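Below: the structure, in structure tokens.
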Amino acid sequence: MKLYIAGHQGMVGSALVRRFQREAGVSLLLRPFNEVDLTRQAAVEALLAAEKPDAVIIAAARVGGIHANSTYPAEFLYDNLAIAANTLHAAYRQGVKRVLFLGSSCVYPRLAPQPIPEDCLLSSALEPTNEPYAIAKIAGLKLCQYYRRQYGVTFHSVMPTNLYGPGDNYHLEDSHVLPALIRKFHEAREAGRLEVAAWGTGAPRREFLHVDDAADACAFLLRLADPPDWINIGTGTDVTIKELYKMVAAVVGFQGRIVWDASKPDGTPRKLLDVSKLTTLGWKAKTSLREGIEKTYASYLAEKAAGTLRA
Ligand SMILES: NC(=O)c1ccc[n+]([C@@H]2O[C@H](COP(=O)([O-])OP(=O)(O)OC[C@H]3O[C@@H](n4cnc5c(N)ncnc54)[C@H](OP(=O)(O)O)[C@@H]3O)[C@@H](O)[C@H]2O)c1
2 MKLYIAGHQG MVGSALVRRF QREAGVSLLL RPFNEVDLTR QAAVEALLAA EKPDAVIIAA
62 ARVGGIHANS TYPAEFLYDN LAIAANTLHA AYRQGVKRVL FLGSSCVYPR LAPQPIPEDC
122 LLSSALEPTN EPYAIAKIAG LKLCQYYRRQ YGVTFHSVMP TNLYGPGDNY HLEDSHVLPA
182 LIRKFHEARE AGRLEVAAWG TGAPRREFLH VDDAADACAF LLRLADPPDW INIGTGTDVT
242 IKELYKMVAA VVGFQGRIVW DASKPDGTPR KLLDVSKLTT LGWKAKTSLR EGIEKTYASY
302 LAEKAAGTLR A
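Here the working numbering is used: position 109 in the sequence shown is 110, and no number is missing along the way.
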């Protein structure tokens with residue numbers, strides 16, 4: 002199988018490369034962003050026409066947090082829509098039979114039932130802070146569904162929960178909670194600080210999946226003859242933010258106090274994906290949160306030492 006991994010230099014893309022490099026019979030087609038910009042339709046068409054891959058995984062996206070989404074809503078919608086539309090349409094035109102599209106749990110409504118089942122998609126309003134991104138991802142998963150329905154190609158999608166691992170983003174404004182905590186506790190320990198400040202009560206619950214497990218779930222789904230149009234990927238368990246702070250502090254070796262400021266907002270009380278569909282199909286996450294954080298802290302230190310840390 003010749004497999005094109007779009008976005009192979011990102012956190013998810015590089016985990017997919019690690020995963021598929023272990024698999025016999027798979028040859029990888031990889032092109033960096035500066036060679037093939039997927040928002041340019043002609044570039045995507047030319048690549049797929051010349052290389053004729055058997056399968057494509059779309060792990061390229063313009064990714065960012067609340068700050069980036071609210072500062073650049075036009076680009077978040079346009080780029081992600083263009084990446085999905087160009088790649089899926091070019092894949093269909095060039096005879097690619099299999100495409101796996103990476104969505105995100107933010108496609109689900111703000112007030113979704115917990116744990117969040119796949120079928121609550123489009124049942125009510127989205128979380129406004131990442132609406133541009135979510136709308137592009139919903140369009141992507143619907144494009145997969147409609148090309149599949151109309152042309153019989155196996156284009157399908159996955160909706161992973163919060164991911165973390167090697168190659169994560171540690172930027173002060175744009176990083177997700179887990180890498181942000183690793184950086185925060187590491188820098189506090191290095192500076193010999195005795196306290197780390199934390200927003201809210203620490204009561205909200207969140208789910209975290211190691212990116213190597215997410216890549217393994219993608220490999221599992223790519224092998225299924227008749228995969229669901231879209232499916233959640235997660236661990237099925239969550240932790241409180243307070244538990245997460247304690248775990249990261251312990252792994253990093255920060256021995257000071259965590260000071261909670263309950264006057265600050267907490268955010269959504271719970272965000273957990275319903276992964277029963279994936280479990281029934283036969284896939285389960287293997288990395289415990291503690292083990293995953295230990296591995297990620299080791300890669301944080303290695304990336305920092307090598308000067309490759311995204312920060
Ligand atoms: N991280 C998570 O917690 C998480 C959770 C759920 C789902 N996902 C999904 O997984 C996918 C990948 O996320 P990630 O965390 O791996 O993000 P990431 O680390 O930022 O990787 C995205 C990759 O896409 C590339 N890219 C951006 N625009 C492109 C374009 N126009 N043409 C070609 N390549 C382009 C980026 O290149 P540059 O680095 O050069 O900009 C980067 O290598 C996304 O669809 C995301 O929704 C991620």
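We put the beta carbon where it would ideally sit given N, CA and C, even for glycine.
The structure displayed is predicted, hence computed values, not measured ones.
DSSP beta-bridge partners of residue i
{"i": "W261", "result": "A199"}
{"i": "L164", "result": "L210"}
{"i": "L310", "result": "Beta-bridge pairing links L310 to no other residue."}
{"i": "L101", "result": "I58, H157"}
{"i": "A69", "result": "For A69, which the question treats as bridged, DSSP gives no partner whatsoever."}
{"i": "Y5", "result": "L30, V57"}
{"i": "K272", "result": "R207"}
{"i": "I117", "result": "L274"}
{"i": "N131", "result": "BP columns for N131 are empty, so no partner."}
{"i": "N170", "result": "R311"}
{"i": "T241", "result": "R206"}
Burial state of residue i (16 or more Cβ within 10 Å)
{"i": "Y152", "result": "exposed"}
{"i": "L173", "result": "exposed"}
{"i": "V260", "result": "exposed"}
{"i": "K272", "result": "buried"}
{"i": "R63", "result": "buried"}
{"i": "L349", "result": "No information on residue 349 is available, as it lies outside the stretch 2 to 312 that the chain covers here."}
{"i": "P161", "result": "buried"}
{"i": "P116", "result": "buried"}
{"i": "T297", "result": "buried"}
{"i": "S264", "result": "exposed"}
{"i": "N233", "result": "buried"}
{"i": "A192", "result": "exposed"}
{"i": "E36", "result": "exposed"}
{"i": "L195", "result": "exposed"}
{"i": "K285", "result": "exposed"}
{"i": "T236", "result": "buried"}
{"i": "Y171", "result": "buried"}
{"i": "G26", "result": "exposed"}
{"i": "E208", "result": "buried"}
Exercise for the section: Pick out the complete beta strand (DSSP E) segments inside the region 19–64, 3 residues or longer, and give them in chain order. Expected result: 28–30, 56–59
Exercise for the section: Report all residues for which the CB-ligand distance to some heavy atom of ligand 1 is below 6 Å; order them along the chain. Expected result: G8, Q10, G11, M12, V13, G14, F34, D38, L39, T40, A60, A61, A62, R63, V64, D80, I84, L103, S105, P161, N163, L164, H177
Exercise for the section: Counting only runs of 4+ residues fully inside the region 138–162, write out the alpha helix (DSSP H) ranges in chain order. Expected result: none
Practice task
Kindly confirm or deny that the region 80–90 and the region 118–132 touch, where touching means at least three C-beta pairs closer than 8 Å.
Solution key: Cβ pair count under 8 Å is below three, so no.
Practice task
Tell me, please, whether the region 70–78 touches the region 92–103 by the rule of three or more beta-carbon pairs shorter than 8 Å.
Solution key: Segments in contact, no.
Handout entry: Entirely enclosed beta strand (DSSP E) segments - the region 178–239, minimum 3 residues
Key = 196–200, 209–211, 231–234
Problem - the region 212–229 contacting the region 11–18, beta-carbon criterion three pairs below 8 Å - result: yes
Problem - Contact the region 40–51 vs the region 246–254: 3+ CB pairs below 8 Å - result: No, the region 40–51 does not touch the region 246–254.
Handout entry: Contact between the region 219–228 and the region 178–193 (3+ Cβ pairs under 8 Å)
Key = no
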